[in-house]
Structure formats: C-alpha cells, structure tokens
Amino acid sequence: MSGLETDADATDKASADGATDAAPAARDDAAEDRQYTFDDVSVVMATYNEEAAVARVLSDVEAVTGGRAEAVCVDGSTDRTPEIAERHGACVLRQEPRGYGVAVEAALAAASRDVIVTTDCDDTYPMAALPEFLEVINDGADVVSGDRLSTGADAMPAFNRLGNRAFAALASGLLGERVHDTTTGMRAYRRAVVEDIEWTENTGLSAELLMRPLARGYDVRERPIRYGERAGETTLDPLSGGAAIAKSILRVGIEERL
Ligand SMILES: Nc1nc2c(ncn2[C@@H]2O[C@H](COP(=O)(O)OP(=O)(O)OP(=O)(O)O)[C@@H](O)[C@H]2O)c(=O)[nH]1
Ligand SMILES: [Mg+2]
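Residue numbers for the sequence shown follow this note's numbering, beginning at 15 and rising by one.
What follows is the structure in structure tokens.
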C-alpha cells in the first residue's frame with residue numbers, strides 16, 4: 015500500500031489554478047496494484063543540440079528495456095539530433111527552443127504509456143537504473159526520483175553541486191520534509207501524477223515535478239543514482255538558471271503551503 019488511499023473528496027481534478035489542491039486524485043486499487051513492465055514505460059526527454067549524446071542515450075534505453083519502452087524526444091535542435099533520434103526509433107516532436115520545462119511538459123504530454131520516465135539527453139543519467147525505478151513504481155510509489163547528490167555527484171561542477179544542495183535544503187524547509195535532490199532530470203511517474211497536477215514552471219520544472227506531488231501526499235521516493243560527465247557542451251548559464259530555479263522553488267513551496 016502506498017499510503018495514498020484517498021477519500022471521496024480527492025476525486026476532484028486539480029482546480030483551474032492548479033496550485034491549491036491539497037490531496038492527490040483518487041486512484042483505484044487496481045491501478046495501484048498493477049504490475050508494470052517495460053511495455054508500459056515511456057522514456058521522454060527534451061533535446062537541444064545533443065548530437066554527442068543522443069545515440070548513446072537511446073541505445074542504452076533500448077538495451078536496458080529490450081526495445082520495449084517507448085522513447086519520446088521534444089527537440090529544438092539546429093544540429094542532427096532529431097535525425098539521429100528518429101534513426102534510433104524515438105518519436106520526435108519538433109518545437110522552437112523555449113526552455114527545458116516547456117519541452118519536458120510537451121514530452122510528458124506526448125507519452126502514451128502509463129509509467130513515464132524523464133531523463134536529460136546528455137548521457138549524465140544511468141539508464142541502467144530503469145529496472146530499479148520500475149520496481150519501485152510496482153512497489154506502490156507514485157514518483158521515483160533519482161538522487162544524484164547522496165552519491166557525491168563528482169561529475170557535477172562544484173558550483174552546480176553547491177547550488178543543487180542549497181535548492182534541496184530550501185525545498186525541504188518549505189515542504190517540511192527532507193528531500194536530497196530537487197533538480198534531478200531522471201524520475202519515473204505514474205501517469206496520473208503527471209495528468210492530475212497543473213504545471214507552471216519552466217527552468218524550475220524539475221523541482222516543481224518533485225515538490226507538488228510531495229506536498230499533495232503522493233508517494234514520492236528518492237533513489238540514489240550515479241551522475242555521469244556530460245557529453246557535449248552545456249547551454250546552461252548556472253547563474254541565471256540557478257536564480258530561476260530558486261524562484262520556482264520559493265513560488266511552488268509557498269503556493270503548496272497555502
Ligand atoms: N527542446 C528543448 N530541449 C532543451 C531546451 N533546453 C534544454 N533542453 C534539453 O533539456 C535537457 C536538460 O538540459 P541540460 O542542458 O542538460 O541542463 P542541466 O542538466 O541543468 O545542465 P548541464 O547538463 O550541466 O548542461 C537536455 O537534454 C537538453 O538538451 C530547450 O529550450 N528546448
Ligand atoms: Mg543535463
């Protein structure tokens with residue numbers, strides 16, 4: 015049992031502003047007890063000029079899931095990323111680059127399966143952890159979040175590591191519950207979580223995708239993962255990106271408390 019048994023009131027969908035509902039939408043027991051396989055999994059990612067990594071990431075997904083998971087890329091690239099992704103069997107949707115969260119939200123919406131896994135397309139996240147993530151979902155979790163920071167995250171630039179630890183501390187304070195990595199790109203979600211909450215953030219979407227489900231009583235579990243060296247150039251400006259994430263955490267934390 016995931017601790018998410020809900021009362022009848024919780025069957026209401028998220029309200030128009032999406033930020034004030036306190037309880038998770040009801041899930042019937044059959045959905046909670048269902049055992050998923052990789053045939054039920056979509057692995058989704060935003061891709062922006064990831065020519066150096068996309069083939070490896072999609073090959074890893076294919077190898078680990080025996081080619082059974084669906085792969086979805088929402089792509090804003092000017093390089094050969096989308097062609098390479100298609101050649102590796104991914105469903106590729108094109109979108110003008112408007113930031114991480116805009117692309118990931120479109121990717122979540124495009125996923126057709128009942129368990130949705132997010133990852134970056136830069137070869138930093140271990141696709142080898144997919145079986146464990148699915149196992150934790152099958153154990154009743156609604157969200158499984160890859161925690162890079164508890165294993166050291168040596169491959170992460172020191173400034174980013176410090177910032178990410180500070181974000182986790184800030185989110186933990188606002189939520190009243192200890193979380194270790196709020197900005198990780200690798201998570202698994204039951205479809206209902208993704209559909210029942212209205213998402214508002216862009217650069218800070220990753221933190222929002224952890225914080226709102228946690229605040230609303232969904233069963234969210236962190237699992238340590240190894241974080242690898244980035245393939246290809248980063249397009250992230252740590253200062254402006256960090257400021258945007260801090261704002262998102264504050265906004266989402268305060269909204270959820272209210
Ligand atoms: N489609 C699309 N994808 C994006 C955009 N911005 C970032 N991405 C992708 O989103 C994922 C996360 O971006 P990253 O640059 O890896 O951000 P990060 O992990 O915070 O930072 P580093 O890995 O250190 O560069 C990657 O797969 C990017 O290619 C965008 O505007 N549009
Ligand atoms: Mg990345």
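Glycine included, every Cβ here is placed at the ideal spot set by N, Cα and C.
Subject >> Minimum C-alpha distance to Val150 - residue among Asp210, Ala77, Arg204 >> reply: Arg204
Original post:
Is it right to say Ile263 is buried, meaning 16 or more other beta carbons lie within 10 angstroms of its own, or is it exposed?
Top reply: buried
Subject >> Secondary structure of Gly190, DSSP reduced to three states >> reply: coil
Subject >> Close Cβ partners of Lys261 (< 8 angstroms) along its chain, the five nearest in sequence each way excluded >> reply: Gly218
**OP:** Specify, as a first and last residue, the run of the alpha helix (DSSP H) that Ser126 falls within.
**Re:** Premise fails: Ser126 is in no alpha helix (DSSP H) and is neither H nor E.
Original post:
Is the closest heavy atom of ligand 3 to the C-beta of Asp156 under 8 angstroms?
Top reply: Summarising the ligand content, the structure contains ligand 1 and ligand 2 and does not contain ligand 3.
**OP:** Would you give the residue range spanned by the alpha helix (DSSP H) that Ala60 belongs to?
**Re:** Segment 55–61 is the beta strand (DSSP E) holding Ala60; no alpha helix (DSSP H) there.
Original post:
With C-beta atoms as the reference, is Thr132 less than 9 angstroms away from Pro238?
Top reply: no
Original post:
Helix, strand or coil for Ser262 per DSSP?
Top reply: helix
Original post:
Using a threshold of 8 angstroms, is the CB atom of Arg244 nearer than that to any non-hydrogen atom of ligand 2?
Top reply: yes
Original post:
Is Gly154 closer than 9 angstroms to Glu215 when the C-beta atoms are compared?
Top reply: no
Original post:
Is the distance from the Cβ of Glu84 to the Cβ of Val55 below 9 angstroms?
Top reply: yes
Original post:
For Gly160, is the beta carbon positioned less than 8 angstroms from some heavy atom of ligand 2?
Top reply: no
Subject >> 7 angstroms Cβ shell around Gly256 - same chain, five flanking residues per side excluded >> reply: Gly177
Subject >> 4 or more residues per run - each alpha helix (DSSP H) lying fully within the region 98–172 >> reply: 114–124, 144–152
**OP:** Compute the Euclidean distance between the alpha carbons of Ala258 and Ala182, then round it to the nearest angstrom.
**Re:** 15 angstroms
Original post:
Which residues in the same chain as Pro140 place their Cβ atom closer than 6 angstroms to its Cβ, once the five residues preceding and following it in sequence are excluded?
Top reply: Ile239, Arg240
Original post:
Per DSSP, Asp89 forms a beta bridge with which residues?
Top reply: Thr61, Arg108
Original post:
In terms of alpha-carbon separation, which member of Arg48, Ala221, Val88, Ala172 lies closest to Pro252?
Top reply: Ala172
Original post:
Near ligand 1, which residues have their beta-carbon less than 6 angstroms from any of its heavy atoms, given in chain order?
Top reply: Met59, Ala60, Thr61, Tyr62, Glu64, Val88, Asp89, Gly90, Gln109, Pro111, Arg112, Gly113, Tyr114, Ala117, Asp134, Cys135, Asp136, Thr138, Gly199, Arg244, Thr248, Thr249, Leu250
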